[in-house]
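Visitor: Submitted below is the structure of interest, expressed as structure tokens.
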Amino acid sequence: MASNSDSIYYVLTKIKHHPELVVGEKAQYINTISIFIKDSLKIADASFYFPDNRLMVNRLSYDFVAKNGDLLEGFFAKTHADKQNYHDVWATTSHVPQLRVYLLELSFE
Numbered sequence: 039m040a041s042n043s044d045s046i047y048y049v050l051t052k053i054k055h056h057p058e059l060v061v062g063e064k065a066q067y068i069n070t071i072s073i074f075i076k077d078s079l080k081i082a083d084a085s086f087y088f089p090d091n092r093l094m095v096n097r098l099s100y101d102f103v104a105k106n107g108d109l110l111e112g113f114f115a116k117t118h119a120d121k122q123n124y125h126d127v128w129a130t131t132s133h134v135p136q137l138r139v140y141l142l143e144l145s146f147e
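Just so you know, we're using the numbering used here here: the sequence shown kicks off at 39 and counts up by one.
The structure is reproduced here in structure tokens:
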């Protein structure tokens with residue numbers, strides 16, 4: 039089974055290289071970006087990491103944030119944050135079968 043970090047990395051990388059997978063983005067709060075992705079994207083253990091009609095929330099490890107800062111920075115730039123940096127990144131994931139999308143929300147603290 040892949041780890042949550044592996045799945046998040048995979049999805050973020052896919053979005054970066056294939057923006058056509060994104061069906062919507064919403065910067066609803068100052069420090070978050072919600073991304074809706076076509077659920078046709080193949081994700082390892084998707085039913086576990088993107089549960090149907092339920093939210094799963096995880097803080098990404100400091101190692102993950104440090105190692106993937108360049109990747110995360112592109113998503114941070116889409117928020118309306120007034121701060122120039124962040125220490126923690128929380129990932130909220132879900133599958134919304136009615137809309138045929140996966141939700142990935144990144145919260146930068």
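Using N, Cα and C, we set each Cβ at its ideal position, and we do this for glycine too.
Tell me the start and end of each unbroken alpha helix (DSSP H) in the segment 87-142 that is at least 4 residues and wholly inside, in chain order.
Guide: Runs of the alpha helix (DSSP H) inside the segment 87-142: 100-105, 107-114.
Visitor: So, at 7 angstroms on beta carbons, what are the nonlocal neighbours of K52 in its own chain, with the 5 sequence-adjacent residues on each side left out?
Guide: Correct list, in chain order: L59, L79.
Visitor: Report the residue ranges of all beta strand (DSSP E) runs contained in full by the segment 64-90; include only those spanning at least 3 residues, in chain order.
Guide: Within the segment 64-90, the complete beta strand (DSSP E) runs of at least 3 residues are 70-76.
Visitor: Can you tell me whether N96 sits near the ligand NAD, meaning its C-beta is under 8 angstroms from at least one heavy atom of the ligand?
Guide: The ligand NAD is absent from the structure shown, which contains no ligand whatsoever.
Visitor: Write down the C-beta distance between F74 and L141 rounded to the nearest angstrom, noting that I regard them as a contact closer than 8 angstroms.
Guide: At roughly 6 angstroms, the Cβ-Cβ gap stays under 8 angstroms, so F74 and L141 are in contact.
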